């Protein structure tokens, strides 16, 4: 059921150049929200903007590397400058270069921490003062089933997603009852996106191949779950949504 709760809202979405972020931007725009789409690949953002505007929606794009605090601040500033408010923040940008710890891909670990954790922190820090001033808002953090279940070669990735889930719960306790800022964590299982493209550990080739043969979730499935959460009535705070493909066991 759609409650028409976000028509006219301003939604900032990171990692919007592909996959879940791209689908979420389209879905939220269709529901009547104004979209601020952010990612590093500006050409893909331009394509997204054209698609939204062709359907009668409103969208601006911002080139943003979430590992840079200044970029995250500029992103939120762009939303405020354009529409003088922010109602929804979807912290979607993420990386998943899985590897076994013994292979010591430390640079990849650092990159995951920077994008998956610091990116969420930086964007949230930039947005919260505006949400507090409004005494309203909704922060959606994209975690993963890996934020609940650890698996071999996922030690660092799982750690980053556990951190996102813990941070979300802390935000909920701090901001929801006191400041009317709702918090939602989305925890997808296997989704057909570009995430596996970042895996460089050759010993995981069989894993990547099996993941690609599974009937995975679509980005639109996750976008629909986000829309459900943000369209829920004000008295309802959808804290966590876990979604797996029907054929995924763990």
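In our numbering, the protein residues as written are 32 to 281. The beta-carbon is built from N, C-alpha and C at its ideal position, and this holds for glycine as well. Values in this document were obtained by computation on a predicted structure and should not be read as measured data.
Discussion item. Rounded to whole angstroms, what is the Cα-Cα separation between residue 197 and residue 170?
Written reply: Roughly 14 Å between the two C-alpha positions.
Worksheet item: Helix, strand or coil for residue 105 per DSSP?
Response: In the three-state reduction of the DSSP assignment, residue 105 falls in the helix class, which pools H, G and I.
Discussion item. With a threshold of 6 Å on Cβ separation, who are the neighbours of residue 215 within its own chain once the five nearest residues in sequence on each side are excluded?
Written reply: Contacts found: 171, 260 and 269.
Practice prompt. Counting only runs of 3+ residues fully inside the region 47-87, write out the beta strand (DSSP E) ranges in chain order.
Written response: The qualifying runs are 65-70.
Discussion item. Counting C-beta neighbours from all protein chains within 10 Å, is the total for residue 136 16 or more, i.e. buried, or is it exposed?
Written reply: The residue in question, residue 136, is buried, as its Cβ has 16 or more Cβ neighbours within 10 Å.
Worksheet entry | For residue 67 and residue 116, the rounded distance between their alpha carbons | Straight-line spacing of the CA atoms in residue 116 and residue 67 works out to 11 Å.
Worksheet entry | Secondary structure of residue 289, DSSP reduced to three states | Only positions 32 to 281 of the chain appear in this structure, which leaves residue 289 out of reach.
Worksheet item: According to DSSP, is residue 281 helix, strand or coil?
Response: Shown here, residue 281 sits in coil according to DSSP, grouped into three states, outside any helix or strand.
Discussion item. Starting from residue 190, trace the alpha helix (DSSP H) in both directions and tell me its first and last residue.
Written reply: DSSP places residue 190 inside the alpha helix (DSSP H), whose first and last residues are 186-202.
Worksheet item: Quick one: is residue 195 buried, meaning 16 or more other Cβ sit within 10 Å of its Cβ, or exposed?
Response: Classification of residue 195: buried, given that the 10 Å Cβ count is 16 or more.
Worksheet item: Can you tell me whether residue 32 is buried or exposed, with buried defined as 16 or more other CB within 10 angstroms of its CB?
Response: Here residue 32 scores only 42 on pLDDT, less than 50, and its place in the model is too uncertain to base an answer on.
Worksheet item: Counting pairs of Cβ atoms below 8 Å between the region 114-130 and the region 38-50, do you hit three or more?
Response: Taking a cut-off of 8 Å on C-beta distances, the region 114-130 touches the region 38-50, as three or more cross pairs fall below it.
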